[in-house]
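With the working numbering applied, the sequence shown corresponds to residues 1 to 466, in that order. Every residue gets a Cβ at the ideal spot worked out from N, C-alpha and C, and that includes glycine. Since this is a predicted model, take the numbers as computed values, not measurements.
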Amino acid sequence: METNLPSLPMMEIFSYLDAYSLLQVAQVNKNWNELASSDVLWRKLCQKRWFFCDMVTLQLHGKETWKQFFIYRTWQEHAKTRAKPEDFTYKEIPVEFEFRAYAYYISKHGLTRNGQGKSAVCMVTSMNRISTWDIHEGVMTWESPVQEFYIELMTTLPEMHIVVTVDIRSTIKLWDCHNSEALATKRMVSSCQLLKAVITKDGPIVLVGDISGNLYIFRIPDLHLISEVNVFPYSIDELHCSPQNKWVFLIMKHPHVLTKVFYMNSLLRPSEFSDPVSTILEFSLCKRAFWTPRREDRITLMSRNIPPSPTKFGIFDMKLEEIGNKVTVQGHLTASFSLADYEGTPECFGVSDKDVFVCSTGSSLLLFNINGLCLQTFQYCPEMIVRLCVDPVHVIVICNNGSLDVYAWEERSPLLRKCYRLQNRSYLPPSSFINKALCDDVSIIGVMTNSPAPCYLMAYTLNICS
Numbered sequence: 001m002e003t004n005l006p007s008l009p010m011m012e013i014f015s016y017l018d019a020y021s022l023l024q025v026a027q028v029n030k031n032w033n034e035l036a037s038s039d040v041l042w043r044k045l046c047q048k049r050w051f052f053c054d055m056v057t058l059q060l061h062g063k064e065t066w067k068q069f070f071i072y073r074t075w076q077e078h079a080k081t082r083a084k085p086e087d088f089t090y091k092e093i094p095v096e097f098e099f100r101a102y103a104y105y106i107s108k109h110g111l112t113r114n115g116q117g118k119s120a121v122c123m124v125t126s127m128n129r130i131s132t133w134d135i136h137e138g139v140m141t142w143e144s145p146v147q148e149f150y151i152e153l154m155t156t157l158p159e160m161h162i163v164v165t166v167d168i169r170s171t172i173k174l175w176d177c178h179n180s181e182a183l184a185t186k187r188m189v190s191s192c193q194l195l196k197a198v199i200t201k202d203g204p205i206v207l208v209g210d211i212s213g214n215l216y217i218f219r220i221p222d223l224h225l226i227s228e229v230n231v232f233p234y235s236i237d238e239l240h241c242s243p244q245n246k247w248v249f250l251i252m253k254h255p256h257v258l259t260k261v262f263y264m265n266s267l268l269r270p271s272e273f274s275d276p277v278s279t280i281l282e283f284s285l286c287k288r289a290f291w292t293p294r295r296e297d298r299i300t301l302m303s304r305n306i307p308p309s310p311t312k313f314g315i316f317d318m319k320l321e322e323i324g325n326k327v328t329v330q331g332h333l334t335a336s337f338s339l340a341d342y343e344g345t346p347e348c349f350g351v352s353d354k355d356v357f358v359c360s361t362g363s364s365l366l367l368f369n370i371n372g373l374c375l376q377t378f379q380y381c382p383e384m385i386v387r388l389c390v391d392p393v394h395v396i397v398i399c400n401n402g403s404l405d406v407y408a409w410e411e412r413s414p415l416l417r418k419c420y421r422l423q424n425r426s427y428l429p430p431s432s433f434i435n436k437a438l439c440d441d442v443s444i445i446g447v448m449t450n451s452p453a454p455c456y457l458m459a460y461t462l463n464i465c466s
């Protein structure tokens, strides 16, 4: 005899299930199927997995329910996992000016069930010009006029098809990659050191760091100055925003200067805060940083290797605290470990959403848990690992011979599974070097620097998906 519990208790129980379990319980009977398909449950899963999920997201993807969106978006994410090397189209796109070989996605698309989703990149293709390219076709789609001064920095905001550049005279320009003239222009007083564009809950912004250690926040699209704060006594070397842009992490690579984390709202709403809210993380000689995917408040830092001291990793959880009417932020050290027993120096690393750390020592790919226990090792010889691309679904390993190895995170274990290798299809001279790598749902791109030969992009684009 079938017994049905009241809907509210069942919904409460189902709210603790993951997507796989919800799909299973939906097969029990008609009543469970209806409850397990609730938009309330699936929207929470979507928001946990992909930030900024809202009704606009559903409209853009043509989906009627959050369950449909979750299944469709997960299918997109695993496109490269299901693929084979022969499913990729290979293109080489020339880059004229090797010392400014910047390349960023200007639009990122997922594979559709009806065919090929297209991705486009924007590049500095000469000392004073930028252009956009359809990487599947290998053709230029737009080019800016020649600029008066050399372009020194560039970043993009793919969600809005926006490009931001800074020239050697520290002039910031905003481009829509359709019109010949910039949408907005702003001249800085001090030389710019770094540049990043992000979308926050308050709207899109540009973050600019200068050689004097100042951080500037500008509004998009008019480049109105929102706030300015002095972070370090000298230049800011790196800037990393958390997945949902709640936090801004900044590095100055100096042995006696510690890293800082700022609460983004205090930078965006200066009228609500007497001063920017920030904290110092007690971790010296920081070389790299990586925010944990799908976890807004956790960041992992990797130290520089200075013999005889081994490379160290520190995992910090950021927390807002209210003391009276004042908001403060604290960075709590959750775990730490060092790589004393491994040959080679870690150069690149990333973190999965299960708190598994993957790092390369050149000849090895190593996986560790949060306590420093080695979980898995992949040996590389005679090739050397030069770059890693790490996201919640894949790890892309780029070798010095131009080959790309695609790994996938196991769904129900902390380990990696090797999927396939994309062999480089052209000869690389000994002087060549991949100085940047990009990937989205349908493409993997390596920025190849050759000296004295021209630079180019190696672009692999996924054509079909089973």
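Enclosing alpha helix (DSSP H) for residue i [first to last residue]
i: residue 353; result: Element bounds for residue 353: n/a, residue is neither H nor E.
i: residue 345; result: Per DSSP, residue 345 belongs to no alpha helix (DSSP H) and is neither H nor E.
i: residue 474; result: Nothing can be reported for residue 474: it is not among the residues displayed for the chain, which extend from 1 to 466.
i: residue 468; result: This structure leaves residue 468 out entirely; the chain is present only between 1 and 466.
i: residue 47; result: 39-49
i: residue 19; result: 19-25
i: residue 458; result: No alpha helix (DSSP H) contains residue 458, which is instead part of the beta strand (DSSP E) from 455-462.
i: residue 13; result: 7-14
i: residue 230; result: Segment 225-230 is the beta strand (DSSP E) holding residue 230; no alpha helix (DSSP H) there.
i: residue 35; result: 30-36
i: residue 214; result: Here residue 214 belongs to no alpha helix (DSSP H); instead the beta strand (DSSP E) covers 214-219.
Contacting residues, own chain, Cβ-Cβ under 7 Å from residue i (five flanking each side not counted)
i: residue 50; result: 73
i: residue 266; result: 273, 276, 277
i: residue 160; result: 204
i: residue 46; result: 53, 66, 69, 70
i: residue 310; result: 338, 339, 340
i: residue 19; result: 45, 70
i: residue 10; result: 35
i: residue 26; result: 32, 33, 36, 37
Residue j beta carbon less than 8 Å from that of residue i
i: residue 252; j: residue 263; result: no
i: residue 301; j: residue 320; result: no
i: residue 155; j: residue 104; result: yes
i: residue 380; j: residue 363; result: yes
i: residue 202; j: residue 268; result: yes
i: residue 106; j: residue 456; result: no
i: residue 373; j: residue 395; result: no
i: residue 250; j: residue 239; result: yes
i: residue 441; j: residue 77; result: yes
i: residue 91; j: residue 138; result: yes
i: residue 385; j: residue 437; result: no
i: residue 392; j: residue 294; result: yes
Status (buried if at least 16 other CB within 10 Å, exposed otherwise) for residue i
i: residue 175; result: buried
i: residue 477; result: A question about residue 477 goes unanswered here, because the residues of the chain that appear run from 1 up to 466.
i: residue 445; result: buried
i: residue 402; result: buried
i: residue 30; result: exposed
i: residue 40; result: exposed
i: residue 111; result: Low per-residue confidence applies at residue 111: pLDDT is 42, beneath 50, and the placement is therefore not dependable enough to give any value.
i: residue 359; result: buried
i: residue 178; result: exposed
i: residue 352; result: buried
i: residue 187; result: exposed
i: residue 38; result: buried
i: residue 328; result: exposed
i: residue 21; result: exposed
i: residue 230; result: exposed
i: residue 15; result: exposed
i: residue 425; result: exposed
i: residue 325; result: exposed
Opening and closing residue of the beta strand (DSSP E) in which residue i lies
i: residue 192; result: 192-200
i: residue 289; result: 286-291
i: residue 94; result: 88-95
i: residue 130; result: 129-134
i: residue 299; result: 298-303
i: residue 83; result: That residue, residue 83, is in no beta strand (DSSP E); it is neither H nor E in DSSP.
i: residue 179; result: Premise fails: residue 179 is in no beta strand (DSSP E) and is neither H nor E.
Close Cβ partners of residue i (< 6 Å) along its chain, the five nearest in sequence each way excluded
i: residue 183; result: 174, 176, 221
i: residue 136; result: 118, 461
i: residue 197; result: 155, 157, 164, 206
i: residue 270; result: 227
i: residue 120; result: 106, 107, 132, 134
Test: residue i CB closer than 8 Å to a CB of chain D
i: residue 369; result: As a matter of chain content, chain D is missing from the structure shown, which is built from one protein chain.
Cβ-based neighbour list, residue i, same chain, cut-off 8 Å, excluding 5 preceding and 5 following
i: residue 369; result: 355, 356, 357, 375, 414
i: residue 149; result: 128, 167, 168, 169, 171
Any non-hydrogen atom of the ligand MG within 7 Å of residue i CB
i: residue 186; result: As far as ligands go, the structure on display features none, and thus does not contain the ligand MG.
Legend entry - At least three beta-carbon pairs within less than 8 Å, the region 305-312 to the region 320-334: no
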